[in-house]
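Everything below concerns the one structure shown next.
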Amino acid sequence: MLPLDYSAATNVAAASIAAADSELMTVREHLLCLDPSGSRFASVLRDTIDQLLNGEVTGRYDWRTLFKTEKTHAGTVVEINLQREFKFDDGVDMDYQIAGIDVDCKYSQQFGGWMIPPEARGHLCLLVWADDYKSQWSAGLMRIEAAWLNGGNNRDMKLTVKAEHRNRIMWLWRDAELPENVLLHMDPADRAAVFKQSSGQGRLNELFRRAQKRRIGRNVVRTVAQQKDYMKRVRGNGGSRSALRDEGILIMGDYDSHRKIAAELEIPVPREGEFVSVRVAEVSADQTTRPSVALDGRRWACASAEDTYQTAPALPAHTK
């Protein structure tokens, strides 16, 4: 079934592609079987961008701060990481074999900027785009034909797809959600307050204090802590969990018990490798309309501006 957000013109083009290119449809169905929701694909793209930023060593969180050579290398890293995640076979003439069919992989941080080499003509291309500023990504399949490419005279003869022929791309996922780069999208004043702290522990405490009700991935934690034992800086027993309890702040990880708490509070639920912080206040079960959760024999809800600070309850066992 084609995505419901296709325009009428794109639907017509997609139906034509489906009827004319059985190999493309075979690859499409295979990829959707491997990753029906696109969550695995999105995780690869998030991890690849973070890998290039290398925040633990560099403290970087913004794509624009990458060197030109690093940006050029991004397509190769995406190609490699997708192959590792989905265990694609090596291609005969192209990058991969997917369902026994040769497929080339092309990534661009600018939509439409895929550079197609001459040897890809006549072959299928997996066209991938991700934008950390928009927190969106797309991936689609296209059979490359010379007539559908822009002219050019660059040294390696690589060409881009003409804008009017992008409707020939069979989208697998279009403008899907890319896991947020929290540091990039934080209020600048809050971000400055985080990095103003002199220690890795202080920076993490400030991050969880200021970026509440947002999913914070391990790579963000690594970038802020800039320490090899960064996970220790989140846990209790001296980490952010214990440091912020007196301010009424809970930090939930990706354990089922933590996810259940987040769901009952109706805040973002941590996914694998993620944390979510929130300040809570004790409430009366028969007097509140706010979503709440029972912990330590008492009932707690997300704190409002009017609530006074209280010590947060202990999280269930199996915390990180």
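FYI, in this note's numbering the residues of the sequence shown are 7 to 326. In this text, a Cβ means the ideal position worked out from N, Cα and C, and glycines have one as well. All of these numbers come straight from a predicted model, not from anything done at the bench.
Decide if proline 319 is buried, meaning its Cβ has at least 16 other Cβ atoms within 10 Å, or exposed.
It is buried - the Cβ of proline 319 has at least 16 other Cβ atoms within 10 Å.
Identify which residue in Ser114, Arg209, Pro124, Asp138 has its Cα closest to the Cα of leucine 132.
Measuring from the Cα of leucine 132, the nearest candidate turns out to be Ser114.
Please report the distance separating the alpha-carbon of aspartate 110 from that of lysine 74.
Approximately 23 Å, taken between the alpha carbons.
Which partner residues does tryptophan 154 have in the DSSP bridge list?
Tryptophan 154 pairs with nothing; no bridge assigned.
Exposed or buried, lysine 93, counting other C-beta atoms within 10 Å across all chains shown (16 or more means buried)?
Classification of lysine 93: exposed, given that the 10 Å Cβ count is below 16.
Which value, in whole angstroms, describes the spacing of the CA atoms of glycine 119 and aspartate 181?
Approximately 16 Å, taken between the alpha carbons.
Could you give the DSSP three-state label for tyrosine 236: helix, strand or coil?
Note: tyrosine 236 maps to helix in three-state DSSP.
Hey, alanine 303 and proline 276: beta-carbon distance below 8 Å or not?
For the sequence presented, residue 303 should be read as glycine rather than alanine. No, the Cβ-Cβ distance between glycine 303 and proline 276 is not below 8 Å.
Any chance you could list the alpha helix (DSSP H) runs of at least 4 consecutive residues sitting entirely within the segment 171-228, in chain order?
Qualifying alpha helix (DSSP H) stretches, in chain order: 188-191, 194-202, 206-216.
Please name the residue, chosen from Gln207, Ala217, Met176, Trp177, that lies closest to aspartate 193 on a Cα-to-Cα basis.
When only C-alpha atoms are compared, the closest one is Ala217.
According to the neighbour-count rule (16 or more other Cβ atoms, all chains shown, within 10 Å of its Cβ), is proline 185 buried or exposed?
Result: buried.
Quick check on aspartate 137: does DSSP put it in helix, strand or coil?
It is a strand residue.
Reducing DSSP to helix, strand and coil, say where alanine 145 ends up.
If DSSP states are grouped into helix, strand and coil, alanine 145 belongs with the strands.
Looking at the structure shown, is phenylalanine 92 part of a helix, part of a strand, or coil, going by DSSP?
The answer is helix: DSSP assigns phenylalanine 92 an H, G or I state.
Across which residues does DSSP place glutamate 3 in a beta bridge pair?
The structure shown has nothing for residue 3, since the chain only spans 7 to 326.
Quick one: is lysine 112 buried, meaning 16 or more other Cβ sit within 10 Å of its Cβ, or exposed?
Buried, by the Cβ-count rule.
How would you label glutamine 116, buried or exposed, when you count the other beta carbons within 10 angstroms and need 16 or more for buried?
So glutamine 116 ends up on the exposed side.
Taking DSSP's pairing of strands, which residues face alanine 300 in a bridge?
BP columns for alanine 300 point to Arg305.
For arginine 247 and asparagine 211, I'd like the C-alpha separation in whole angstroms.
Going by the C-alpha atoms only, they are around 8 Å apart.
Between His191, Ala231, Arg174, which lies nearest to phenylalanine 201 when the distance is taken from Cα to Cα?
With distances taken between Cα atoms, phenylalanine 201 lies closest to Ala231.
Please report the residue range of the alpha helix (DSSP H) in which glutamine 57 lies.
Unbroken alpha helix (DSSP H) run through glutamine 57: 45-59.
Hey, how far is the Cα of leucine 130 from the Cα of leucine 321?
Each residue's alpha carbon lies about 50 Å from the other.
Can you give the beta carbon distance from valine 33 to leucine 147, rounded, assuming they're within the 8 Å contact cut?
Correct: roughly 6 Å between the Cβ atoms.
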